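Student: Pasting a structure below so you can have a look.
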Amino acid sequence: MDAKQALEKLLGYALAKELIEEADVPYCRNLLLDALGLDAPGEYRLNGERPEQAIETAKPYLDILLEDAVMRGAVADSAASRELLAGRLMGCLTARPSEINRKFWALYETQGPEAATDWFYRLCRDNDYIHVDAIRQNQVIRQKAACGELVITINLSKPEKDPRDIALALQKKASEYPRCMLCAENPGYAGRIGFPPRQNHRIVPVKLGGESWYLQYSPYLYYNEHCIVLCETHRPMHIGPESFRRLFDFVEQFPHYFIGSNADLPIVGGSILTHDHFQGGRCVFPMTVAPIRVPLHSPVPGVEAGILDWPLSALRLRGTDRAALQRAAEETLTAWREYSAPSLDILARTDAPHNTITPILRRDGASYVFDLVLRNNRTTPEHPLGLFHPHADLHHVKKENIGLIEVMGLFILPGRLKAELAALETLLTRPGEPELTENDHLYKHLPWFRELRERHGVLSPEKAEETLRQALAAKCQRVLEDAGVFKQDEEGIEGFLRFVQALGYTKA
Numbered sequence: 053m054d055a056k057q058a059l060e061k062l063l064g065y066a067l068a069k070e071l072i073e074e075a076d077v078p079y080c081r082n083l084l085l086d087a088l089g090l091d092a093p094g095e096y097r098l099n100g101e102r103p104e105q106a107i108e109t110a111k112p113y114l115d116i117l118l119e120d121a122v123m124r125g126a127v128a129d130s131a132a133s134r135e136l137l138a139g140r141l142m143g144c145l146t147a148r149p150s151e152i153n154r155k156f157w158a159l160y161e162t163q164g165p166e167a168a169t170d171w172f173y174r175l176c177r178d179n180d181y182i183h184v185d186a187i188r189q190n191q192v193i194r195q196k197a198a199c200g201e202l203v204i205t206i207n208l209s210k211p212e213k214d215p216r217d218i219a220l221a222l223q224k225k226a227s228e229y230p231r232c233m234l235c236a237e238n239p240g241y242a243g244r245i246g247f248p249p250r251q252n253h254r255i256v257p258v259k260l261g262g263e264s265w266y267l268q269y270s271p272y273l274y275y276n277e278h279c280i281v282l283c284e285t286h287r288p289m290h291i292g293p294e295s296f297r298r299l300f301d302f303v304e305q306f307p308h309y310f311i312g313s314n315a316d317l318p319i320v321g322g323s324i325l326t327h328d329h330f331q332g333g334r335c336v337f338p339m340t341v342a343p344i345r346v347p348l349h350s351p352v353p354g355v356e357a358g359i360l361d362w363p364l365s366a367l368r369l370r371g372t373d374r375a376a377l378q379r380a381a382e383e384t385l386t387a388w389r390e391y392s393a394p395s396l397d398i399l400a401r402t403d404a405p406h407n408t409i410t411p412i413l414r415r416d417g418a419s420y421v422f423d424l425v426l427r428n429n430r431t432t433p434e435h436p437l438g439l440f441h442p443h444a445d446l447h448h449v450k451k452e453n454i455g456l457i458e459v460m461g462l463f464i465l466p467g468r469l470k471a472e473l474a475a476l477e478t479l480l481t482r483p484g485e486p487e488l489t490e491n492d493h494l495y496k497h498l499p500w501f502r503e504l505r506e507r508h509g510v511l512s513p514e515k516a517e518e519t520l521r522q523a524l525a526a527k528c529q530r531v532l533e534d535a536g537v538f539k540q541d542e543e544g545i546e547g548f549l550r551f552v553q554a555l556g557y558t559k560a
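Sequence positions in the sequence shown follow my numbering and run 53 to 560.
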C-alpha cells in the first residue's frame with residue numbers, strides 16, 4: 053500500500069468509526085493532503101464506500117503516511133516529529149469542540165451519563181488521542197500481597213526521549229503557551245518538541261462547585277476509562293472544602309465514575325501540582341475492596357465510618373446524606389492539617405506545612421463512599437526524599453511520588469523494569485553471584501538478588517518467574533507501608549484511633 057492509498061484507507065477508517073460523515077470526505081481529504089505536503093490524491097479513491105469492518109485503530113495507515121513523509125523530507129526523522137504529524141492528521145478527522153459538546157450533552161439528556169461517556173471515550177480511542185496501540189505494550193501483573201491483590205503496570209507506552217528531539221528543543225525558544233498539558237487551551241494545539249500535539253484532543257465542559265471545569269480522557273490510560281477533570285483556570289492544586297463539594301458534584305452527574313484527587317503538596321502529590329484537577333474513571337482498585345479494620349461510631353449523624361484495612365492511613369465514610377459526609381470530611385481535613393504525633397514522627401509543620409489528604413469518592417447504589425487518605429510530606433536527613441515516601445531500599449523499583457493511583461493499589465513502574473526483571477529471572481536460575489559493576493543496569497538490584505538467592509537458592513525458570521512476581525508485589529506493599537503515616541502495627545493503629553477520637557469518633 054502506498055501513501056496515497058493509505059490516505060484513502062484512513063478516510064474509510066474515519067467513516068467506519070463515525071469520526072466523519074460521507075459529506076466530509078472531500079474536505080477531509082484536502083486537509084490530509086495539505087498536512088502531508090501532497091498536491092493531489094492518487095488514482096485510488098474511497099468514492100464513499102464504507103468498509104464493512106474497520107481495523108481497531110488508525111495506526112497501520114498512520115505508519116505508512118508518516119514513513120512516506122519522512123522519506124520525502126516533509127517531516128524530520130524523529131519520534132516527536134512523527135508524533136506531531138500524527139496528531140495533525142487525526143485532528144483533520146476530529147469534529148470541532150462545539151459539535152463534540154452538543155453530541156455529548158444530547159446523549160446525556162436522552163440516554164443518560166453512561167451513554168455520553170461511552171461515546172466520548174470511544175471517540176478518543178478511535179481518533180488516536182488515547183494511544184491504544186502504545187498502551188497495549190504495557191506489562192500488567194496482578195499479584196497477591198499482604199494487603200490483598202495489587203495491580204502492577206510496567207509502563208512501556210511512553211517512548212523514551214529521542215536525542216535528536218532533545219537537541220532540536222534546545223535550539224528553539226521556550227514557549228509558555230499552553231501553560232501546562234492540563235490547560236483548557238490545549239485542544240487544537242499543534243504541539244512542539246517536548247509538548248505533544250493536541251489537534252485531536254477534545255474536552256467536555258462540566259460545572260463543579262459553580263465553576264467551569266472540563267472532562268477529558270488520559271492519552272496514556274493507567275486504568276479503564278481513566279479520565280481527568282480539570283479546572284478552566286490555571287491555578288495550583290488545593291485540597292479544601294470546595295474540593296469536596298466539586299467531587300460530590302461530579303459523582304452526582306456521573307454516578308458510574310469514581311473521582312479523586314492527588315494531594316496538594318510536593319512528594320505526596322502527583323506529577324502536575326500547578327493545575328487544579330481530579331482523576332476518575334470506571335475501575336475497581338485494590339483499595340476499593342479493602343475491608344474495614346476498625347469500625348467507628350461517627351459524631352456526624354447519618355455517616356458510617358471506619359479505619360480501612362490498608363497500608364496507607366485511610367478513613368472511610370459512607371452514607372446517603374451528602375451534606376453530612378462533606379461536613380465530616382471537612383472536619384477531618386481541618387483537624388489533620390494541624391495534627392502532630394511526635395512519637396510517631398508525624399509533625400504537622402516545621403518550616404512548611406506537611407499534612408494533607410488524598411480524597412477519593414464513589415457511589416455505591418444510593419450511598420456515597422468517601423475515602424480520606426492521610427498524607428504527610430516531611431523530609432528528614434535519613435529520608436531526604438520523604439519520611440512517608442518509598443525509602444531508599446525501594447528506589448531500585450519505585451522512587452517517584454506516591455500519588456492518587458498508587459494510593460489505591462495500582463502501581464505504575466518504569467519501563468526499564470521489563471528488561472531488568474527478565475534478566476534477574478535468568479540470574480536466579482544460575483548458580484553463583486553475577487559480577488556486576490556500578491555501571492551495570494542490574495547493579496542497583498544486587499541486594500535484592502542476594503536476598504532472593506539466600507531465601508530460595510537456585511530456581512527453575514518457572515519458579516524464578518513466580519518468585520520474582522511475589523517479591524515485586526512485596527516491594528509494592530512496602531511502598532504503601534512507607535507512605536502510611538499511621539503504621540499497621542499496634543502502636544500505629546492506636547495512634548490513628550487517638551486522632552479520630554479527637555474528632556469525636558469512638559470504636560464501634
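Just so it is clear, CB atoms sit at the ideal spot from N, CA and C, and this is done for glycine as well. The structure presented is a predicted model; accordingly, all values stated were derived computationally and were not measured.
(1) So for residue 165, helix, strand or coil by DSSP?
(2) Taking buried to mean at least 16 other C-beta atoms within 10 Å of its own C-beta, is residue 554 buried or exposed?
(3) Could you give the distance in angstroms between the alpha-carbon of residue 409 and the alpha-carbon of residue 112?
(4) Starting from the Cα of residue 416, find the closest Cα among 308, 451, 142 and give me that residue.
(5) Pick helix, strand or coil for residue 527, following the three-state DSSP scheme.
(6) Residue 296 lies in the alpha helix (DSSP H); which residues open and close that run?
(7) Where in the region 408-476 do unbroken runs of the beta strand (DSSP E), each at least 3 residues long, occur, reported from the N-terminal end onward?
(8) Using a threshold of 8 Å, state whether the C-beta atoms of residue 539 and residue 546 are closer than that.
(9) From which residue to which residue does the beta strand (DSSP E) around residue 370 run?
(10) Looking at the unbroken beta strand (DSSP E) that takes in residue 312, where does it start and where does it end?
(11) Three or more C-beta pairs closer than 8 Å, one from the region 482-494 and one from the region 364-378: is that the case here?
(12) Give the range of the beta strand (DSSP E) segment to which residue 332 is assigned.
(13) Please give the ranges of any beta strand (DSSP E) in the region 219-280, keeping only runs that are unbroken, at least 3 residues long and fully inside the region.
(14) So, do the region 193-207 and the region 463-470 have three or more beta carbon pairs nearer to each other than 8 Å?
(15) Does the region 172-185 come within contact of the region 106-125, defined as at least 3 CB pairs closer than 8 Å?
(16) So, helix, strand or coil for residue 546, using DSSP?
(17) If you draw a straight line from the C-alpha of residue 65 to the C-alpha of residue 247, how long is it?
(18) Can you check whether the CB of residue 282 is closer than 8 Å to the CB of residue 236?
(19) Bridge partners of residue 347, per DSSP?
(20) In chain order, what residues of the same chain have a beta carbon less than 7 Å from the beta carbon of residue 444, not counting five sequence neighbours either side?
(21) Near residue 345, what residues of its chain come up, given a Cβ to Cβ distance below 6 Å and the 5 sequence neighbours on each side ignored?
(22) Output the boundary residues of the alpha helix (DSSP H) element that contains residue 540.
(23) Contact between the region 191-198 and the region 261-277: three or more CB pairs below 8 Å?
(24) Where does residue 513 fall in DSSP's three states?
(25) In the DSSP assignment, find the unbroken beta strand (DSSP E) run with residue 134 in it and report its ends.
Tutor: Quick answer:
(1) Correct three-state label for residue 165: helix.
(2) Residue 554 counts as exposed, since fewer than 16 other C-beta atoms from the protein chains shown sit within 10 angstroms of its C-beta.
(3) Their Cα atoms are separated by approximately 44 Å.
(4) Of 308, 451, 142, the smallest CA-CA separation from residue 416 is found for 308.
(5) Residue 527: helix per DSSP, three-state reduction.
(6) That run of the alpha helix (DSSP H) goes 293-305.
(7) Runs found: 419-428, 462-466.
(8) 8 Å or more divides the Cβ of residue 539 from the Cβ of residue 546.
(9) Looking at the DSSP string, the run of the beta strand (DSSP E) that includes residue 370 is 366-371.
(10) Residue 312 -> beta strand (DSSP E) spans 310-312.
(11) Two segments are said to touch when three or more pairs of C-beta atoms, one from each, lie closer than 8 Å; by this definition the region 482-494 does not touch the region 364-378.
(12) Residues 329-333.
(13) Segments of the beta strand (DSSP E) lying fully in the region 219-280: 256-260, 263-269.
(14) For the pair of segments examined, the region 193-207 was found to touch the region 463-470: the number of CB pairs separated by less than 8 Å reaches three.
(15) As far as the Cβ criterion goes, the region 172-185 touches the region 106-125, which means the pair count is three or higher.
(16) It is helical.
(17) Their backbone Cα atoms lie some 27 Å apart in a straight line.
(18) A contact, by the Cβ cut-off of 8 Å.
(19) Answer is 358.
(20) Closer than 7 Å at the Cβ level, and outside the excluded window around residue 444, lies no residue.
(21) Setting aside the 5 residues that flank it on each side, residue 345 is surrounded in the same chain by 359, 361, each with a C-beta closer than 6 Å to its C-beta; the list follows chain order.
(22) No alpha helix (DSSP H) holds residue 540; DSSP gives it neither H nor E.
(23) Segments in contact, no.
(24) In the three-state DSSP reduction, residue 513 falls in the helix class (H, G or I).
(25) Per DSSP, residue 134 belongs to no beta strand (DSSP E); it is in the alpha helix (DSSP H), 131-143.
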